Amino acid sequence: MLLLFKVVEFLSMDIGKLTRKELIELNHRIVARLEHLDELEVQAKRQEFILGSPAQFVDDKGTIQLCVVVKFNKKSVSVSTANGERWNIPAERLQPLANA
1 MLLLFKVVEF LSMDIGKLTR KELIELNHRI VARLEHLDEL EVQAKRQEFI
51 LGSPAQFVDD KGTIQLCVVV KFNKKSVSVS TANGERWNIP AERLQPLANA
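Each residue of the sequence shown is one higher than the one before, counting from 1 in this note's numbering.
What follows is the structure, given as structure tokens:
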């Protein structure tokens, strides 16, 4: 119920009365909040893995690549494939290996 109240309150906000400066500030706050939510999603996804975890991802050509997690970066995970290639994959594209 509280969420519904927040949605109604937000939707009824009259932004037509906000000044340019206030709109810019509101925009900055919204962007910052969205970036924070993105960071939380990446952190949650990264917690599915530890260094050395077997994983897989689909490359740009649609090929499934089997790999091992070798490093955690701020926005991506570095992995190494069996043929020695190293990739930096966004955490949301990386999947734990089902049979590992």
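Glycine is no exception: its CB is placed at the ideal position from the N, C-alpha and C atoms. Owing to the predicted nature of the structure, the values given are computational and were not obtained by experimental measurement.
Query raised in the report: If you draw a straight line from the alpha carbon of Met13 to that of Phe72, how long is it in whole angstroms?
Result: 41 Å
Query - Option nearest Ser53 by Cα separation, candidates Cys67, Lys45, Gln43 - result: Cys67
**Report entry** Residue interval of the alpha helix (DSSP H) (run including Asn83)
**Finding:** Careful: Asn83 lies outside any alpha helix (DSSP H) and carries neither H nor E.
Requested in this report: Measure the C-alpha to C-alpha separation of Asn88 and His36 and round it to an integer number of angstroms.
Outcome: 21 Å
Query raised in the report: With DSSP run on the structure shown, which of helix, strand or coil describes Phe34?
Result: Per the sequence shown, the amino acid found at residue 34 is Leu instead of Phe. Residue state, collapsed to three classes: helix.
Requested in this report: Using 10 angstroms around the beta-carbon of Ala82, count the other beta-carbons present and answer buried if the total reaches 16, otherwise exposed.
Outcome: exposed
Report task. Please work out which residues of its chain come closer than 8 Å, Cβ to Cβ, to Ser76, disregarding the five sequence neighbours upstream and downstream, and give them in chain order. Result -> Asn88, Ile89, Pro90, Ala91
Query raised in the report: Buried or exposed: which applies to Ala98, given that a residue is buried once 16 or more other Cβ atoms fall within 10 Å of its Cβ?
Result: Here Ala98 is exposed. Its C-beta has fewer than 16 other C-beta atoms within 10 Å.
Query raised in the report: Is any heavy atom of the ligand SAH found at a distance shorter than 7 Å from the C-beta of Arg86?
Result: Looking at this structure, you won't find the ligand SAH or any other ligand, since it has none at all.
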